[in-house]
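For reference, the structure is listed below as structure tokens.
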Amino acid sequence: MNIEELLNRQRAFFRSGATLSVDFRLEHLKKLYRAVQKYESEIGRALCSDLGKSDFEGFMCETGLVLSELHYMIRHTRSFARERRVHTPLAQFASGSFRKPSPYGNTLIMSPWNYPFLLTLDPLADAIAAGNTAIVKPSAYSPATSALIRKIIEECFPPEYVAVVTGGREENRALLEQKFDFVFFTGSQSVGKEVLRHTAETLTPAVLELGGKSPCIVDSTAKIQLAAKRIVFGKLINCGQTCVAPDYILCQRSVKDQLVQELCRQIKLQYGEAPLSNPDYGRIINEKHFDRICGLIDREKTVLGGKTNRETLQIEPTVMDNVSWHDPVMQQEIFGPILPVLTFDTFEELYSLLTERPKPLALYLFSEDKRRMKEISQRCSYGGGCMNDTLIHLATSEMGFGGVGESGMGAYHGRDGFNAFSHTKSIVEKKTWIDLPIRYQPYNKGVYAKLLHIFLK
Numbered sequence: 000m001n002i003e004e005l006l007n008r009q010r011a012f013f014r015s016g017a018t019l020s021v022d023f024r025l026e027h028l029k030k031l032y033r034a035v036q037k038y039e040s041e042i043g044r045a046l047c048s049d050l051g052k053s054d055f056e057g058f059m060c061e062t063g064l065v066l067s068e069l070h071y072m073i074r075h076t077r078s079f080a081r082e083r084r085v086h087t088p089l090a091q092f093a094s095g096s097f098r099k100p101s102p103y104g105n106t107l108i109m110s111p112w113n114y115p116f117l118l119t120l121d122p123l124a125d126a127i128a129a130g131n132t133a134i135v136k137p138s139a140y141s142p143a144t145s146a147l148i149r150k151i152i153e154e155c156f157p158p159e160y161v162a163v164v165t166g167g168r169e170e171n172r173a174l175l176e177q178k179f180d181f182v183f184f185t186g187s188q189s190v191g192k193e194v195l196r197h198t199a200e201t202l203t204p205a206v207l208e209l210g211g212k213s214p215c216i217v218d219s220t221a222k223i224q225l226a227a228k229r230i231v232f233g234k235l236i237n238c239g240q241t242c243v244a245p246d247y248i249l250c251q252r253s254v255k256d257q258l259v260q261e262l263c264r265q266i267k268l269q270y271g272e273a274p275l276s277n278p279d280y281g282r283i284i285n286e287k288h289f290d291r292i293c294g295l296i297d298r299e300k301t302v303l304g305g306k307t308n309r310e311t312l313q314i315e316p317t318v319m320d321n322v323s324w325h326d327p328v329m330q331q332e333i334f335g336p337i338l339p340v341l342t343f344d345t346f347e348e349l350y351s352l353l354t355e356r357p358k359p360l361a362l363y364l365f366s367e368d369k370r371r372m373k374e375i376s377q378r379c380s381y382g383g384g385c386m387n388d389t390l391i392h393l394a395t396s397e398m399g400f401g402g403v404g405e406s407g408m409g410a411y412h413g414r415d416g417f418n419a420f421s422h423t424k425s426i427v428e429k430k431t432w433i434d435l436p437i438r439y440q441p442y443n444k445g446v447y448a449k450l451l452h453i454f455l456k
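First residue of the sequence shown? That's 0 in numbering that gives the first Met the number 0, and the numbers climb one at a time after it.
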């Protein structure tokens, strides 16, 4: 079945009204939940095949989070889908007003390779909960996981409801040439721009989850040992191939040496003296990205790591000190296990530095100063983040996850995900037992004019 025929079948299925029933949506969310549980071991093996992820990391960062999102949507979809009555102004007497969430219709979900299971199934759960059909396009760079996603979806859904299209750039281009009702994309900024150009041609709404250089700020009040421990966790999970990984550290100069020393110690504690031999340490997705990341390592500024293994596509956790804004490692999102450390003296200097740069997907601050935490959250523009930790803000369905500016537009997870895949209609139901003459011509500019000023004050 070609893409156009598949989309036409999904259009017909959506127009039949089958997906509008909340019971229908819940039935399929539960079916998908059971399938993820059933294939948990196979999912772990697929993630290991594609990215070298251990079973523990695969469940913690992908399978478990998918189950959590599905469970959340199963519990809350009925409430999210309910009409909400709102206040009706006196000028519209007599009538009632309400807001009604409605599915967009036929949606496209394009997912990346770095968290191939999580970033495909999470938005799919939201799309199903909101009452849409979906065509899912997983990445060609993670073939084992993409094949398993296809197997799971074909087991759970008829293709006119949810279907998988695999392949590479040609398939991406063919999909984007179709008219969808909504597009959800997770990936790089360069491909995100291409997606937005296509959706602009048909005025199709889109959510873009992109990336960027997410700063990790460490001030002089931070608990350095704990900060280093949590930074190493966030930076090196999935070998740094995480869109919200701390891309670089901005450390207050007075504690920089202490922090660098502790970062090196924590890497050895968590990954051992020979990280490339650690069975729980993954690898870079392919040779192209391996070569790109290797090209960012400045041997003269490397204080730990830097070793590589081309056969296994592995790069040691690498700390670079005395880095400047002009170094190659600061000219692009790293998306790998390299951690550059830069310094600042005052926070006014820091705010100026960050304001000049593209808005990041995440920002992290390690500090014991409550006033500073509040100030950072107010003065800096970023998608989301953590105070005194990394990554964990995206691991909850109670908060939306998304970017701002160059790091993306729109958000998902939980209610925000349901809302992202829904259009909320505003509806007024006017009563017929009375019809006030005030709005009709010929206008009475005496009593009615006074009443109008009362109604619309």
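Glycine is no exception: its CB is placed at the ideal position from the N, C-alpha and C atoms.
Mind reading off the beta-carbon distance from His325 to Cys155? Whole number of angstroms is fine, and I expect it under 8 angstroms.
About 51 angstroms; that fails the 8 angstroms criterion.
Please look up how many angstroms separate the CB atoms of Ala361 and Val243, rounded, as I've assumed it's under 8 angstroms.
Their Cβ separation, rounded to whole angstroms, is 4 angstroms, which keeps Ala361 and Val243 in contact under 8 angstroms.
Can you tell me whether Lys429 is helix, strand or coil according to DSSP?
Here Lys429 sits in strand by DSSP.
When DSSP labels each residue in this structure, what does Lys99 get in the three-state scheme?
In the structure shown, Lys99 sits in a strand (DSSP, three-state: E or B).
For the pair the region 212 to 227 and the region 246 to 266, tell me if three or more CB-CB distances fall below 8 angstroms.
Yes, they touch.
Rounded to a whole number of angstroms, what is the C-alpha to C-alpha distance between His452 and Ile433?
Using only the alpha carbons, I get a separation of about 21 angstroms.
Determine whether the beta carbon atoms of Phe278 and Ser48 lie at a separation below 8 angstroms.
What sits at residue 278 in the sequence shown is Pro, not Phe. Not in contact: Pro278 and Ser48 (Cβ atoms no closer than 8 angstroms).
Looking only at its own chain, which residues have a Cβ that is under 6 angstroms from the Cβ of Gln9, when we skip the five neighbours before and after it?
Correct list, in chain order: Asn105, Thr132 and Glu159.
How many Å lie between Leu294 and Val231 at the Cα?
Residue 294 is actually Gly in this sequence, not Leu. Just so you know, the alpha carbons of Gly294 and Val231 end up roughly 21 angstroms apart.
Given 8 angstroms as the limit, is there contact between the region 133 to 146 and the region 111 to 119, that is, 3 or more CB pairs closer than that?
Because the criterion of three Cβ pairs below 8 angstroms is met, the region 133 to 146 and the region 111 to 119 touch.
Let me know if Phe92 comes out buried or exposed under the rule of 16 or more other beta-carbons within 10 Å of its beta-carbon.
With fewer than 16 neighbouring CB atoms inside 10 Å of its own CB, Phe92 falls in the exposed class.
Below 8 angstroms between beta carbons: does that hold for His70 and Tyr32?
In this structure, His70 sits near Tyr32, with a CB-CB distance shorter than 8 angstroms.
Is there contact between the region 247 to 262 and the region 334 to 342, where contact requires at least three CB pairs shorter than 8 angstroms?
They touch, by the three-pair rule.
Does the region 175 to 184 come within contact of the region 192 to 209, defined as at least 3 CB pairs closer than 8 angstroms?
Output reads yes: the region 192 to 209 touches the region 175 to 184.
For the alpha helix (DSSP H) that contains Cys47, what are its first and last residues?
Segment Glu39 to Leu50, the alpha helix (DSSP H) holding Cys47.
Just checking my contact of Ile283 with Leu312 at CB under 8 angstroms: how many whole Å lie between their CB atoms?
Yes, Ile283 and Leu312 are in contact; Cβ-Cβ is about 5 angstroms, under 8 angstroms.
Using a Cβ-Cβ cut-off of 6 angstroms (strictly less than) and excluding sequence neighbours within five positions of Asn308, which residues of its own chain qualify?
Within its own chain, the residues whose Cβ lies closer than 6 angstroms to the Cβ of Asn308, once the five positions on either side in sequence are excluded, are Leu275, listed in chain order.
Pick out the complete beta strand (DSSP E) segments inside the region 275 to 340, 3 residues or longer, and give them in chain order.
Segments of the beta strand (DSSP E) lying fully in the region 275 to 340: 301 to 303 and 317 to 319.
Under a three-way DSSP split, which group does Pro214 fall into?
Strand, per DSSP.
Three or more beta-carbon pairs under 8 angstroms between the region 80 to 100 and the region 422 to 436, yes or no?
The region 80 to 100 vs the region 422 to 436: in contact.
Go through its chain and collect everything with a Cβ distance to Leu235's Cβ below 6 angstroms, but skip five positions before and after it.
Only residues of its own chain outside the window of five on either side were considered, and among them Pro316 and Pro336 have a CB closer than 6 angstroms to the CB of Leu235, listed in chain order.
In terms of DSSP beta bridges, what is Val206 paired with?
In the DSSP output, where bridge partners are listed per residue, Val206 has Phe183.
Cβ of Phe58 within 8 angstroms of Cβ of Pro122?
Taking a C-beta distance under 8 angstroms as the contact criterion, Phe58 and Pro122 do not qualify as a contact pair.
Please classify Leu235: does DSSP put it in a helix, a strand, or coil?
Residue state for Leu235 is assigned as helix, using DSSP reduced to three classes.
What does DSSP give as the partner residue(s) for Ile134 in the beta ladder?
The partner list for Ile134 (beta bridge, DSSP) reads Leu107 and Ala162.
Residues bridged to Leu364 (per DSSP):
In the DSSP assignment, Leu364 forms a beta bridge with Ile216 and Met386.
Hey, is the region 219 to 228 in contact with the region 362 to 382, meaning 3+ C-beta pairs nearer than 8 angstroms?
Contact between the region 219 to 228 and the region 362 to 382 is present, because at least three Cβ pairs lie under 8 angstroms.
DSSP-derived helix/strand/coil call for Tyr381:
Correct three-state label for Tyr381: coil.
Grouping DSSP H, G and I as helix and E and B as strand, with all else coil, what is Arg476?
Here the chain comprises residues numbered 0 to 456, so residue 476 is not present and cannot be evaluated.
Which whole-angstrom value is the C-beta distance of Leu66 and Ala394, which I expect to be below 8 angstroms?
Their Cβ separation, rounded to whole angstroms, is 12 angstroms, which puts Leu66 and Ala394 out of contact at 8 angstroms.
Is the Cβ-Cβ distance between Phe454 and Ala129 less than 8 angstroms?
Against a cut-off of 8 angstroms, the Cβ pair of Ala129 and Phe454 comes out as no contact.
By the three-class DSSP mapping on this structure, what secondary structure does His86 have?
His86 sits in coil when the DSSP states are folded into three classes, being neither helix nor strand.
Please say whether Gly383 and Tyr363 have beta carbons closer to each other than 8 angstroms?
No.
Alpha carbon of Gly95 to alpha carbon of Leu174, nearest angstrom
About 42 angstroms.
Helix, strand or coil for Cys242 per DSSP?
Assignment of Cys242 by DSSP, reduced to helix, strand and coil, places it in the coil class.
Per DSSP, which residues does Lys424 bridge with? Please list them.
Note: Lys424 sits in a beta bridge opposite Lys99.
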